[in-house]
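So for the sequence shown, the UniProt record's numbering puts the first residue at 1; every next one is plus one. Here a beta-carbon is modelled for each residue, glycine too, at the ideal position from N, C-alpha and C. What you are looking at is a predicted structure, and each value in this text was computed from that prediction instead of being measured.
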Amino acid sequence: MSVPPPLPPRTSSPVSILANPTNGAAPPPLPPRTRSPVHVTYAPPPRSPPPRSETTSPRLLSPPAHATGFNGFMHRFRSPRKMIVESREKMKEFTRGREDGVNAGTGLATTTVTPPQSPRIHVFGMELREAVILTRTTQTRGQGESAARYWLPAIITRSISYLNKHGLDEEGVYRVPGSTNTVQRLRRAFEEGGDYEIDEDDETRGMEDPHAVASLLKAYLRELPSPLFPYETHLALNTLLLSYTGIPAFTIQASTPQTQPSSPPPPPPPSTTLPTALGHFLSKLPPYNFYLLRTLTHHLASVVAASEVNKMTISNLGLIFCPGLGISSVLFGVLVGEWEAVWGGLTVRITLRGHPGGKVGPETPHMSGSMFDNPGDLHMCPTYQLISKDEMRDIPRLQLHASDLAPRGVTHHQPTMSDSHKKTVRVSHLGGIDAAYQMPKPYDSSKPTLVLVNSFTTSSDLYKLQYQNEELTSNVNLLAIELLGHGATRTEALEWTYWDTAWMNLQVLEALGIKKAFVLGTSQGGWICTRMALLGPKVIEGIIPLGSSMDFESQRTMDLGCWDGKEANSRAIREFLGDEETPDWVLPNWFSDWLITVGVGKTNPKAWPDFREFWNKEMKRNYSGTDGRQRARMCSINLSDRDGLHPRLPDVRCPVLWIHGTNDAVYSVANAKEEIKMFVNSPDAQLKVIEGGQHFLSASNPQDVDSLVLEFIQKYHKA
1 MSVPPPLPPR TSSPVSILAN PTNGAAPPPL PPRTRSPVHV TYAPPPRSPP PRSETTSPRL
61 LSPPAHATGF NGFMHRFRSP RKMIVESREK MKEFTRGRED GVNAGTGLAT TTVTPPQSPR
121 IHVFGMELRE AVILTRTTQT RGQGESAARY WLPAIITRSI SYLNKHGLDE EGVYRVPGST
181 NTVQRLRRAF EEGGDYEIDE DDETRGMEDP HAVASLLKAY LRELPSPLFP YETHLALNTL
241 LLSYTGIPAF TIQASTPQTQ PSSPPPPPPP STTLPTALGH FLSKLPPYNF YLLRTLTHHL
301 ASVVAASEVN KMTISNLGLI FCPGLGISSV LFGVLVGEWE AVWGGLTVRI TLRGHPGGKV
361 GPETPHMSGS MFDNPGDLHM CPTYQLISKD EMRDIPRLQL HASDLAPRGV THHQPTMSDS
421 HKKTVRVSHL GGIDAAYQMP KPYDSSKPTL VLVNSFTTSS DLYKLQYQNE ELTSNVNLLA
481 IELLGHGATR TEALEWTYWD TAWMNLQVLE ALGIKKAFVL GTSQGGWICT RMALLGPKVI
541 EGIIPLGSSM DFESQRTMDL GCWDGKEANS RAIREFLGDE ETPDWVLPNW FSDWLITVGV
601 GKTNPKAWPD FREFWNKEMK RNYSGTDGRQ RARMCSINLS DRDGLHPRLP DVRCPVLWIH
661 GTNDAVYSVA NAKEEIKMFV NSPDAQLKVI EGGQHFLSAS NPQDVDSLVL EFIQKYHKA
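(1) If you follow the beta strand (DSSP E) that residue 434 is in, where does it begin and where does it stop?
(2) Can you tell me the Cα-Cα spacing of residue 222 and residue 680, whole angstroms?
(3) Contact between the stretch 470-479 and the stretch 444-451 is defined here as three or more beta-carbon pairs at a separation below 8 Å; is this criterion met?
(4) Considering only their Cβ atoms, is the gap separating residue 314 from residue 337 smaller than 8 Å?
(5) Within a Cβ cutoff of 8 Å, which residues of the same chain sit near residue 172, ignoring the five residues on either side of it in sequence?
(6) Terminal residues of the continuous alpha helix (DSSP H) containing residue 198?
(7) Note down, in chain order, each residue of its chain lying with its Cβ closer than 6 Å to the Cβ of residue 676, except the 5 sequence neighbours on either side.
(8) Expressed to the nearest angstrom, what Euclidean distance is found between the alpha-carbon atoms of residue 275 and residue 293?
(9) Hey, residue 648 and residue 546 are a contact pair by Cβ (cut 8 Å); roughly how many whole angstroms apart?
(10) Just verifying my parser: in three-state terms, what is the DSSP assignment at residue 655?
(11) Taking the C-alpha atoms as reference points, what is the distance between residue 542 and residue 136?
(12) Using only CA atoms, which one of 193, 216 and 611 lies nearest to residue 181?
(13) Spatial neighbours of residue 214 within its chain, please: C-beta separation below 7 Å, excluding the five flanking residues on both sides.
(14) For the alpha helix (DSSP H) containing residue 157, list its first residue and its last residue.
(15) Which residue wins for smallest C-alpha separation from residue 505, given the options 481, 245 and 446?
(16) So, is residue 551 buried or exposed, given that buried needs 16 or more other C-beta atoms within 10 angstroms?
(17) Using 8 Å as the Cβ pair cut-off and three pairs as the minimum, do the stretch 481-495 and the stretch 453-463 touch?
(18) Buried or exposed, going by whether 16 or more other CB atoms sit within 10 Å of the CB of residue 693?
(19) Look up residue 421 in the DSSP assignment and say whether it is helix, strand or coil.
(20) Which residue's Cα is closest to the Cα of residue 229: 284, 196 and 185?
(21) Which ranges would you report for the beta strand (DSSP E) in the stretch 463-545 if only whole runs of at least 3 residues count?
(22) Can you tell me the Cα-Cα spacing of residue 732 and residue 440, whole angstroms?
(23) Is residue 240 closer than 8 Å to residue 290 when the C-beta atoms are compared?
(24) Is the stretch 569-577 close to the stretch 149-161, with three or more CB pairs under 8 Å?
(25) If I measure Cβ to Cβ from residue 169 and keep anything under 7 Å in the same chain, skipping five residues before and after, which residues do I get?
(26) When the Cβ atoms of the stretch 587-596 are set against those of the stretch 604-616, are three or more pairs found closer than 8 Å?
(27) Contact defined as beta carbons within less than 8 Å: I believe residue 512 pairs with residue 425. What is the distance between those atoms, to the nearest angstrom?
(28) Among 225, 709 and 328, which one has its Cα closest to the Cα of residue 544?
(29) Can you give me the C-alpha to C-alpha distance between residue 671 and residue 555, rounded to a whole angstrom?
(30) Taking C-alpha atoms, which residue in 707, 573 and 235 lies nearest to residue 631?
(31) Could you give the residue range of the alpha helix (DSSP H) that holds residue 566?
(32) In this structure, how does DSSP classify residue 685 when only helix, strand and coil are distinguished?
(33) So the candidates are 298, 302 and 690; which of them puts its Cα closest to the Cα of residue 707?
(34) Could you tell me the alpha carbon to alpha carbon distance between residue 563 and residue 662, rounded to whole angstroms?
(35) Where do the N-terminal and C-terminal ends of the beta strand (DSSP E) with residue 292 fall, by residue?
(36) According to DSSP, which residues form a beta bridge with residue 660?
What follows is the structure, given as structure tokens:
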């Protein structure tokens with residue numbers, strides 16, 4: 001294969017990808033640049049919207065950079081003039097020359113920016129191979145660690161090296177997001193120079209925050225345009241894992257028929273262990289992919305080895321990395337938990353065609369159309385061990401469960417005090433959300449689907465009794481999706497609304513290939529299922545609010561016997577405020593006791609005798625540390641400050657089944673009777689009142705709820 005010729009020189013703008021030098025020659029110099037100024041029109045940030053009312057439009061866009069964090073939340077109330085002055089000052093950080101003025105025609109502030117002398121290398125979103133060629137930290141192919149550095153982009157080498165030194169003992173590493181400003185500064189540093197010494201410790205900058213470096217690394221991996229396991233390997237790797245575990249390698253099959261081999265390779269001999277077979281498979285990957293996967297999984301194995309300190313077990317890391325890598329937790333568990341057995345004796349030896357002896361520059365190694373076309377080009381050979389056997393003994397092994405199937409094959413597990421029974425899927429809203437969900441039985445496309453939306457600060461385990469109802473699960477696919485801020489769902493965005501959760505839920509349905517669904521929601525879940533019907537009218541077949549209200553927290557609802565939601569949540573909003581790190585914080589007893597009491601009363605439901613004990617523990621587990629405190633506060637803000645839906649209810653055109661209990665301590669039957677009449681364009685909007693029913697009806701009266709729901713779905717589902 002001939003070496004591609006160098007790209008022609010650019011005459012107008014700096015190049016973002018440099019051609020490979022031929023035969024080791026240096027690349028041609030860039031043409032001289034003129035320093036004529038570039039005029040950038042800068043508009044001040046828009047004024048903050050007025051406080052929400054029942055006529056407020058939904059805000060579905062991602063929050064601007066200045067609106068993230070809780071100081072960012074208060075930022076929206078500052079004067080526009082102050083915001084303009086601050087923004088102008090921030091522009092100095094991005095410019096080398098500056099001249100302010102006002103455009104006479106528009107009245108907008110105008111900034112004159114002298115372009116930087118060095119070209120930007122847009123390493124984020126760049127193909128891995130090109131990023132390696134442009135930014136590798138060594139130009140010498142060697143053995144051991146130097147071999148890895150040769151095949152890795154600088155951002156991977158620097159980030160993982162830094163985290164291995166300073167991040168392994170950091171509690172919540174990869175789970176706790178870093179400062180947005182720090183992450184953006186580090187990102188600019190790599191894009192402006194290609195390489196950046198994160199580990200420098202000088203008086204002007206000091207040490208970097210490990211959480212910010214971890215967030216930077218996650219962002220880089222998330223923005224890779226091609227998967228680390230190339231598309232043409234998916235069929236073979238799925239076959240390999242299925243032959244050993246019965247579980248596929250990928251959570252969502254992304255490859256296409258054009259990129260897959262026509263048939264998978266033959267299964268390995270039964271005497272070969274899974275780690276050995278997987279290692280043989282990995283040795284055939286392109287070197288860029290091989291060394292990135294090897295280095296990343298070794299680092300994560302080291303994180304797991306320190307999990308008693310950093311609290312990041314292999315399951316916790318899997319929840320974070322599996323969606324971004326697109327792999328199942330089983331494959332992740334073997335790659336990380338069985339690191340020595342998989343990777344310990346592997347490397348790749350590259351044979352470049354046309355260059356006998358391999359004495360070449362940093363050109364692209366030969367890779368045939370399929371990784372199986374010419375296995376002789378890639379070989380296994382012994383190399384160094386990154387961690388010792390003694391260290392590896394301390395790394396806990398991932399327990400493999402039947403629930404680790406792909407999204408359409410999730411086996412039921414009873415709710416436990418961990419998230420191992422849940423799955424996550426990556427969706428794009430808010431810049432990326434790892435949405436958690438669970439299904440008690442494998443997905444069956446011949447059945448209707450019911451999405452279950454949990455109540456305030458609970459999780460998908462709220463529907464434990466529905467998962468146990470054989471009649472319901474035999475006739476309906478149950479899919480419980482955890483809201484933003486709830487359960488195991490995570491996003492780096494700190495600002496979100498119920499509209500954002502509704503949009504996320506619709507994206508989850510799309511990602512799982514579910515085209516039609518009914519939605520049931522308890523309390524705040526009722527607001528979300530109604531928003532889903534408004535945003536996705538072609539997807540939602542019907543909605544089922546339980547113990548809900550369609551108004552904002554208004555005087556009208558209080559006059560009808562509903563609670564004062566703003567007052568009820570004011571303590572949490574006040575006490576959970578703060579930007580400081582609080583790693584030892586746990587949800588206080590007064591909060592969990594209060595929520596459980598308003599949910600089911602002072603005694604446990606007969607159908608769920610340990611309800612109070614279960615949720616006291618579960619809520620404290622879900623809401624702990626800095627991240628848990630911030631999420632709990634934002635959940636409280638969303639509940640107390642939501643926009644009302646009254647003007648939008650005529651736009652709901654699907655059937656509505658509203659179920660309400662007479663003992664609901666939050667929202668009254670009188671309010672429900674008024675609001676059900678507002679669904680004037682629904683083909684059938686009915687209210688069913690359950691005598692003695694509590695606010696959490698699915699727990700207090702599961703049989704009544706389940707029978708009404710099943711009857712409603714069977715009536716309105718269109719096959």
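With the given structure in hand:
(1) In the sequence shown, counting from the first residue as 1, residue 434 sits at position 434. Note, residue 434: beta strand (DSSP E), 433-438.
(2) In the sequence shown, residue 222 corresponds to position 222, counting from 1. In the sequence shown, residue 680 corresponds to position 680, counting from 1. Across the structure, residue 222 and residue 680 are spaced so that their CA atoms are roughly 44 Å apart.
(3) Contact between the stretch 470-479 and the stretch 444-451 is present, because at least three Cβ pairs lie under 8 Å.
(4) The count along the sequence shown starts at 1 and reaches residue 337 at position 337. The count along the sequence shown starts at 1 and reaches residue 314 at position 314. Cβ atoms of residue 337 and residue 314: closer than 8 Å.
(5) If you number the sequence shown from 1, residue 172 lands on position 172. Around residue 172: 211, 310, 311, 312, 583, 625, 626 and 627.
(6) By 1-based counting over the sequence shown, the position of residue 198 is 198. According to the DSSP assignment, residue 198 belongs to no alpha helix (DSSP H), since it is labelled neither H nor E.
(7) On the sequence shown, residue 676 is found 676 positions in, with the first residue counted as 1. Around residue 676: 658, 685 and 687.
(8) On the sequence shown, residue 275 is found 275 positions in, with the first residue counted as 1. On the sequence shown, residue 293 is found 293 positions in, with the first residue counted as 1. Taking the straight line from one Cα to the other gives about 15 Å.
(9) Residue 648 sits at position 648 when you count from the first residue of the sequence shown. Residue 546 sits at position 546 when you count from the first residue of the sequence shown. In this structure, residue 648 and residue 546 do not form a Cβ contact; the two beta carbons are roughly 20 Å apart against a cut-off of 8 Å.
(10) As a working note, residue 655 is residue 655 in the sequence shown. Of the three classes helix, strand and coil, the one that applies to residue 655 here is coil, per DSSP.
(11) For the purposes of this step, residue 542 is taken as the residue at position 542 of the sequence shown. For the purposes of this step, residue 136 is taken as the residue at position 136 of the sequence shown. Cα-Cα distance, rounded: 54 Å.
(12) Residue 181 sits at position 181 when you count from the first residue of the sequence shown. Closest option to residue 181, Cα to Cα, is 216.
(13) Within the sequence shown, residue 214 is the residue found at index 214, counting from 1. Setting aside the 5 residues that flank it on each side, residue 214 is surrounded in the same chain by 163, 167, 173, 174 and 178, each with a C-beta closer than 7 Å to its C-beta; the list follows chain order.
(14) Here residue 157 refers to the residue found at position 157 of the sequence shown. Residue 157 -> alpha helix (DSSP H) spans 154-166.
(15) Looking up residue 505 in the sequence shown gives position 505. Nearest option by C-alpha distance: 481.
(16) If you number the sequence shown from 1, residue 551 lands on position 551. With 16 or more Cβ atoms within 10 Å of its Cβ, residue 551 is classed as buried.
(17) Yes, since at least three Cβ pairs between the stretch 481-495 and the stretch 453-463 fall closer than 8 Å, the two stretches touch.
(18) One-based indexing of the sequence shown puts residue 693 at position 693. The residue is buried, with at least 16 neighbouring Cβ atoms inside 10 Å.
(19) For the purposes of this step, residue 421 is identified with residue 421 of the sequence shown, where counting begins at 1. Three-state result, residue 421: coil.
(20) If you number the sequence shown from 1, residue 229 lands on position 229. Looking at the Cα atoms, 284 is the closest of the given residues.
(21) For the stretch 463-545, whole beta strand (DSSP E) runs of length 3 or above, ordered along the chain, are 477-481 and 517-522.
(22) Only positions 1 to 719 of the chain appear in this structure, which leaves residue 732 out of reach.
(23) Position 290 of the sequence shown, counting from 1, holds the residue named residue 290. Position 240 of the sequence shown, counting from 1, holds the residue named residue 240. No, they are not a contact pair.
(24) Of all C-beta pairs linking the stretch 569-577 to the stretch 149-161, fewer than three are shorter than 8 Å, placing the two stretches out of contact.
(25) Counted from its first residue, the sequence shown places residue 169 at position 169. Shown here for residue 169: same chain residues with a beta carbon closer than 7 Å to its own, the five before and five after excluded, namely 306, 309 and 310 in chain order.
(26) Yes: the two stretches touch, three or more of their Cβ pairs being nearer than 8 Å.
(27) Position 512 of the sequence shown, counting from 1, holds the residue named residue 512. Position 425 of the sequence shown, counting from 1, holds the residue named residue 425. That pair is a contact at about 7 Å.
(28) Locating residue 544 in the sequence shown gives position 544, counting from the first residue. Measuring from the Cα of residue 544, the nearest candidate turns out to be 709.
(29) For this step, residue 671 is matched to residue 671 along the sequence shown. For this step, residue 555 is matched to residue 555 along the sequence shown. Roughly 12 Å between the two C-alpha positions.
(30) Taking the sequence shown and counting its residues from 1, the one referred to as residue 631 is at position 631. Nearest C-alpha to residue 631: 573.
(31) What you label residue 566 is simply residue 566 of the sequence shown in a count that begins at 1. DSSP places residue 566 in the uninterrupted alpha helix (DSSP H) bounded by 565-575.
(32) Numbered from its first residue, the sequence shown carries residue 685 at position 685. In the three-state reduction of the DSSP assignment, residue 685 falls in the strand class, which pools E and B.
(33) Locating residue 707 in the sequence shown gives position 707, where the first residue counts as 1. Nearest of 298, 302 and 690 to residue 707, Cα basis: 690.
(34) The residue you call residue 563 lines up with position 563 of the sequence shown. The residue you call residue 662 lines up with position 662 of the sequence shown. For residue 563 and residue 662, the distance between alpha carbons rounds to 14 Å.
(35) The residue you call residue 292 lines up with position 292 of the sequence shown. DSSP places residue 292 in no beta strand (DSSP E) but in the uninterrupted alpha helix (DSSP H) bounded by 287-305.
(36) Taking the first residue of the sequence shown as position 1, residue 660 is located at position 660. 689.
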